[in-house]
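Residue numbers (the numbering used here), protein chains in the order written: chain A, 1 to 207; chain B, 1 to 540. Note that the Cβ used here is the ideal one computed from N, Cα and C, for glycine as well.
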Amino acid sequence: MLCELHPTNKIKYMGMKKSNIILSGVGGQGILTIAGIIGMATLKEKLYFKQSEVHGMSQRGGAVQSNFRIADTPVASDLVPLGQADLILSVEPLETLRYLPFLNKNGWLVCNSSPFINVPDYPELEKILNTIAEWPNHLIIDADKIAKDLGNRRGSNMVILGAASQYICLDFESLESGISAIFERKGDAVVQQNLLALRAGRDAALK
Amino acid sequence: MNEVVLLGAEAIAQGAIDGGMSGVYAYPGTPSTEITEYIQRNSGARKEGIHSEWSANEKTAMESAIGMSYAGKRAMVCMKHVGLNVAADPFINSAITGAGGGLIVVVADDPSMHSSQNEQDSRFYGDFALLPILEPADQQEAYDMAYNGFSLSEKVGLPVLMRITTRLSHSRSRVLRMKNIAENELKLPDDKKKFILLPSIARERYKLLLNLQDDLTELSENAAYNTLKDGNDRSLGIIACGISHNYLMENYPEGIPHPVLKIGQYPVPVKKIKEITSSCKEILVLEEGYPILEKSLLGLLNNSPVPIRGRLDGSLPRDGELNSDLVRKALGMEVHNGPEIPEIMVNRPPALCKGCGHIDIYHSLIEALTDFGEGRTFADIGCYTLGALPPYNAINTCVDMGASITMAKGAADAGLVPSVAVIGDSTFTHSGMTGLLDAVIENSPITIIISDNETTGMTGGQVSSAVGRIEGICLGIGVEESHLKIVTPLKKNHDENVQVILNELNYHGISVIIARRECIQTASKRKRIEVETKSLSTKS
């Protein structure tokens with residue numbers, strides 16, 4: 001799958017719009033919120049999509065993932081096949097590695113460097129980050145710190161989404177309107193807060 | 001025409017609301033819970049007064065739905081696959097009585113047991129009951145089948161089983177809605193006897209059911225959900241049931257070169273099956289769950305005219321969920337793995353939340369049991385089942401809803417005294433009460449701990465039927481007041497709670513200890529909503 005980095009940070013695949021995304025993290029880290037925003041954005045751009053997620057047992061500190069598949073033709077499988085993910089977007093470093101077999105050879109790893117340590121045998125963070133960095137197309141940012149600096153501790157998921165946005169075949173503006181749609185019932189202040197986090201993530205990725 | 005984005009579960013809910021449903025009856029169970037939750041949240045459903053309260057268990061849910069159907073209105077029942085085991089008695093017999101108002105029984109299976117004790121295939125039940133089954137392949141079909149399912153049910157005069165799996169239930173896509181259909185009027189059955197299953201009546205009803213089977217097959221032959229698409233390459237023919245059709249399509253982005261029979265309505269369309277099996281050299285059967293169709297094609301004497309491949313010959317794994325890569329392998333195509341998972345990877349299993357009341361009562365129980373020996377804690381289904389994992393290793397069994405109490409009693413009858421049962425509040429009212437009655441009647445030397453977090457926790461915090469009722473139920477069943485204890489599971493109460501448990505373990509008769517503390521998840525959700533509501537109201 002060929003791709004070119006468009007000046008306004010959009011990826012277009014040979015003129016086709018297509019993205020297979022795996023979102024990963026730990027239960028409670030807001031992965032499903034990210035999925036919801038991408039969903040709104042996809043709907044706005046009138047693209048086909050399927051987005052699957054894990055409910056039930058995997059909440060409360062268990063590993064959580066969501067598969068998001070976008071295309072301009074109908075999508076068949078709800079799950080991304082092996083070796084077909086264009087992007088693994090992870091809110092937690094260890095969780096980035098769990099879905100590596102799904103990554104395609106030009107795919108991107110975008111992840112948060114702040115760990116969520118809730119198991120006794122959690123590996124050394126250095127080792128995890130080094131393993132991620134072995135993959136040529138990788139982007140590691142300290143989303144927790146960026147969110148905290150914005151006064152929005154719970155916004156690391158938005159920061160990561162912003163950082164990964166250039167690797168998703170959707171317009172940045174669509175993601176922004178997705179945030180407005182998802183958070184509007186919580187009031188304008190919350191919407192603005194999340195937009196700031198999204199933009200901060202995008203800016204951090206461009207550096 | 002209205003386009004929305006819905007989970008497969010939500011698509012069923014919306015289809016039913018638009019399709020003229022008057023009531024949904026259900027007990028929470030992954031992956032079916034979201035259907036009822038959607039209806040409870042839906043403003044349209046609330047305006048129409050659609051019944052959507054949770055039932056005590058799947059059996060009462062099924063029976064209430066039959067009652068609504070008897071009265072002429074459209075009803076839906078929702079449950080997970082093992083829930084159908086609980087609802088099986090009314091379910092099987094509802095095929096004999098037949099339906100009045102349209103009745104759809106939605107069962108959500110969990111292949112690969114992502115959060116269940118087994119991966120049983122609910123299509124078996126539809127076949128066993130001699131009822132039509134609808135199995136959607138995607139979110140749009142899920143909507144359509146729910147929307148049209150009530151009129152199918154009324155047309156054949158039978159309940160209809162709708163079967164989905166986790167992957168569809170918890171996956172979102174665009175769905176086109178259809179025009180809202182008004183509810184039915186209250187109307188009693190024309191045949192005044194059909195719901196009375198005395199043998200003399202049931203025998204007649206059963207003959208009617210048997211005679212209907214050919215009509216049901218005829219309906220399947222012409223059903224929009226069962227399509228036979230020809231293909232030039234007849235070296236292989238593929239039969240794909242439900243969601244497995246997506247996995248087939250995924251592997252042929254340019255179009256499938258082989259003939260394909262897609263099945264979404266059962267009984268299976270026999271004519272279409274004969275057509276594809278007679279025109280191809282070999283057949284691959286793709287079905288999510290048990291190899292039910294595959295087995296019936298093979299027959300006991302393996303007298304199929306062509307080789308049948310699927311789960312039974314190793315083309316696909318015998319167990320577990322299907323996906324496009326497994327189907328790809330079965331089609332003889334190469335699978336393109338990405339990089340391997342590195343060795344440093346560790347598991348991150350779900351665990352009891354920090355601060356959960358179950359943790360505190362487990363710590364007290366473990367200490368109290370120190371001198372009694374191990375292997376005597378019979379537990380049940382809920383968040384507290386996670387007590388089986390390290391670092392707690394607190395429980396020894398978990399079999400089915402309510403089994404904690406009854407297994408403890410059986411073990412005590414065998415001589416394992418004392419035996420302890422650990423059960424949650426929602427599980428207790430689901431199917432613990434009848435076991436308690438057995439134990440009370442024989443004054444069994446067991447100690448029952450009802451770990452009461454005042455919610456149905458594991459499935460996401462739905463309202464529990466037990467709240468405010470447990471003491472009354474226990475006393476009413478006959479537990480002695482002096483052996484009904486209430487404790488608060490907190491670290492600071494640990495020593496006190498250990499003593500309470502010890503006293504009851506040493507009592508040679510039935511004891512119930514209610515360990516009560518609100519689930520921290522539902523508590524914090526409740527507080528968050530209170531804060532949000534307050535801030536929104538002060539703004540206005």
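**B:His-483, DSSP secondary structure in three states** = Correct three-state label for B:His-483: helix.
**Message:** Does chain B have any CB closer than 9 angstroms to the CB of A:Gln-65?
**Reply:** Taking Cβ atoms only, chain B never reaches closer than 9 angstroms to A:Gln-65, which makes this a no.
**Request:** Output the residue ranges of the alpha helix (DSSP H) runs that lie fully inside the segment 18-53 of chain B and measure 4 residues or longer, sorted by chain position.
**Result:** Entirely contained in the segment 18-53 of chain B, the alpha helix (DSSP H) runs reaching 4 residues are, in chain order, 33-41, 43-47.
**Item:** B:Val-346 classed as buried or exposed, judged by whether at least 16 other C-beta atoms fall within 10 angstroms
**Value:** B:Val-346 counts as exposed, since fewer than 16 other beta carbons sit within 10 angstroms of its beta carbon.
**Prompt:** chain B partners of A:Arg-60, CB-CB under 7 angstroms?
**Reply:** Going along chain B in sequence order, the residues near A:Arg-60 (Cβ under 7 angstroms) are Pro-350, Ala-351, Cys-353.
**Item:** Unbroken alpha helix (DSSP H) run spanning B:Asn-211, endpoints
**Value:** First-last of the alpha helix (DSSP H) with B:Asn-211: 199-221.
**Item:** Enclosing beta strand (DSSP E) for A:Arg-69 [first to last residue]
**Value:** From DSSP, the beta strand (DSSP E) with A:Arg-69 extends over 63-71.
**Message:** Given this structure, state the Cα-to-Cα distance separating B:Ile-4 from A:Pro-101, to the nearest angstrom.
**Reply:** Ile is not the amino acid found at residue 4 of chain B; the sequence shown has Val there. So the alpha carbons of these two residues sit roughly 33 angstroms apart.
**Prompt:** Shortest alpha-carbon distance to B:Asp-190 belongs to which of B:Val-160, B:Gly-509, B:Tyr-70?
**Reply:** Out of B:Val-160, B:Gly-509, B:Tyr-70, the CA that lies nearest to the CA of B:Asp-190 is found in B:Tyr-70.
**Message:** Using only the alpha-carbon positions, how far apart do B:Leu-322 and A:Ser-52 sit?
**Reply:** So the alpha carbons of these two residues sit roughly 15 angstroms apart.
**Asked** Beta carbon of B:Gly-72, beta carbon of B:Leu-188: below 9 angstroms?
**Response** Yes, Cβ-Cβ distance for B:Gly-72 and B:Leu-188 is below 9 angstroms.
**Request:** Give me whichever residues DSSP pairs with B:Phe-378 in a beta bridge.
**Result:** According to DSSP, which records beta bridges pairwise, B:Phe-378 is partnered with B:Thr-397, B:Ala-421.
**Asked** Quick one: is A:Glu-45 near chain B, going by C-beta distance under 9 angstroms?
**Response** For A:Glu-45, the answer is no, since every Cβ of chain B falls outside 9 angstroms of its Cβ.
**Prompt:** Mind pulling the chain B residues with CB within less than 8 angstroms of A:Glu-53?
**Reply:** Per Cβ cutoff of 8 angstroms: His-170, Ser-171, Arg-172.
**Asked** Which residue or residues does DSSP assign as beta-bridge partners of B:Ile-239?
**Response** B:Leu-261, B:Val-285.
**Request:** Sort A:Val-190, A:Glu-173, A:Ala-205 by Cα distance to A:Met-40 and report the nearest one.
**Result:** From the listed residues A:Val-190, A:Glu-173, A:Ala-205, the smallest Cα separation to A:Met-40 is found for A:Glu-173.
**Request:** Could you name the residues of chain A that B:Ile-341 contacts, counting a contact when the two beta carbons are closer than 7 angstroms?
**Result:** The answer, in chain order, is Leu-97, Arg-98, Leu-100, Pro-101.
**Asked** Between B:Leu-365 and the rest of its own chain, which residues show a CB-CB distance below 8 angstroms, the 5 nearest in sequence each way excluded?
**Response** Same-chain partners within the cutoff: Thr-377, Ala-394, Val-420, Val-422, Ile-449, Ile-501.
**Asked** Do you know how far the Cα of A:Val-159 is from the Cα of B:Leu-7?
**Response** If I take the Cα positions, the gap works out to 26 angstroms.
**Asked** Can a CB atom of chain B be found closer than 9 angstroms to the CB of A:Thr-33?
**Response** At a cut-off of 9 angstroms between C-beta atoms, A:Thr-33 does not count as an interface residue with respect to chain B.
**Asked** Based on the DSSP output, what are the partners of A:Gln-51 in its beta bridges?
**Response** Paired residues: A:Phe-68, B:Arg-172.
**Request:** Report yes if the CB atom of B:Gln-400 is closer than 9 angstroms to the CB atom of B:Ser-444, and no otherwise.
**Result:** A small fix is needed here, since residue 400 of chain B is Asp in this sequence, not Gln. B:Ser-444 sits away from B:Asp-400, with the two beta carbons spaced by 9 angstroms or more.
**Prompt:** Since B:Thr-36 contacts B:Ser-52 with CB under 8 angstroms, what's their CB separation in whole angstroms?
**Reply:** Beta-carbon to beta-carbon, B:Thr-36 and B:Ser-52 are separated by about 6 angstroms, close enough to satisfy the 8 angstroms threshold.
**Message:** Ignoring anything shorter than 3 residues, give me the beta strand (DSSP E) runs that lie fully in the segment 89-157 of chain A, in order along the chain.
**Reply:** Counting whole runs of 3 or more residues, the segment 89-157 of chain A contains the beta strand (DSSP E) stretches 103-112, 138-141.
**Prompt:** Nearest to B:Val-175 by CA position, among B:Glu-481, B:Asp-18, B:Gly-382, is which residue?
**Reply:** Here the closest residue by C-alpha is B:Asp-18.
**Message:** Could you check whether B:Pro-350 and A:Gly-27 sit closer than 9 angstroms to each other, using their CB atoms as the reference points?
**Reply:** Yes; because the gap between Cβ atoms is below 9 angstroms, this pair is in contact.
**Message:** So, under 8 angstroms CB-CB, B:Asp-233 and B:Pro-257 are touching, yes? Tell me the CB distance rounded to an integer number of Å.
**Reply:** About 4 angstroms separates the Cβ atoms of B:Asp-233 and B:Pro-257, confirming a contact at the 8 angstroms cut-off.
**Request:** Verify the CB distance criterion: does A:Ile-128 have a CB-CB separation below 9 angstroms to chain B?
**Result:** For A:Ile-128, the answer is yes, since a Cβ of chain B falls inside 9 angstroms of its Cβ.
**Prompt:** Nearest chain A C-beta to B:Ile-361 closer than 9 angstroms, yes or no?
**Reply:** No, no contact with chain A.
**Asked** Under 9 angstroms between C-beta atoms, does A:Ala-76 make it to chain B?
**Response** Output row for A:Ala-76: interface = yes.
**Request:** Check whether the Cβ atoms of B:Leu-293 and B:Leu-219 sit closer than 9 angstroms, and answer yes or no.
**Result:** 9 angstroms or more divides the Cβ of B:Leu-293 from the Cβ of B:Leu-219.
**Short CB-CB distance (under 9 angstroms) between A:Val-91 and chain B** = It does not; no Cβ of chain B falls within 9 angstroms.
**Message:** So B:Asp-325 contacts chain A; which residues on that side make the cut at Cβ distance below 7 angstroms?
**Reply:** Neighbourhood of B:Asp-325 in chain A, by CB distance below 7 angstroms: Pro-81, Leu-82, in chain order.
**Request:** Could you tell me whether the Cβ atoms of B:Pro-339 and A:Leu-195 are closer together than 9 angstroms?
**Result:** No, Cβ-Cβ distance for B:Pro-339 and A:Leu-195 is not below 9 angstroms.
**Asked** Apart from the five residues just before and just after A:Gln-84, which ones in its own chain have a Cβ nearer than 6 angstroms to its Cβ?
**Response** Hits under 6 angstroms: Asn-20, Asn-104.
**Prompt:** Does the segment 209-217 of chain B touch the segment 130-145 of chain B, meaning 3 or more C-beta pairs lie closer than 8 angstroms?
**Reply:** By the criterion of at least three beta-carbon pairs nearer than 8 angstroms, the segment 130-145 of chain B is in contact with the segment 209-217 of chain B.
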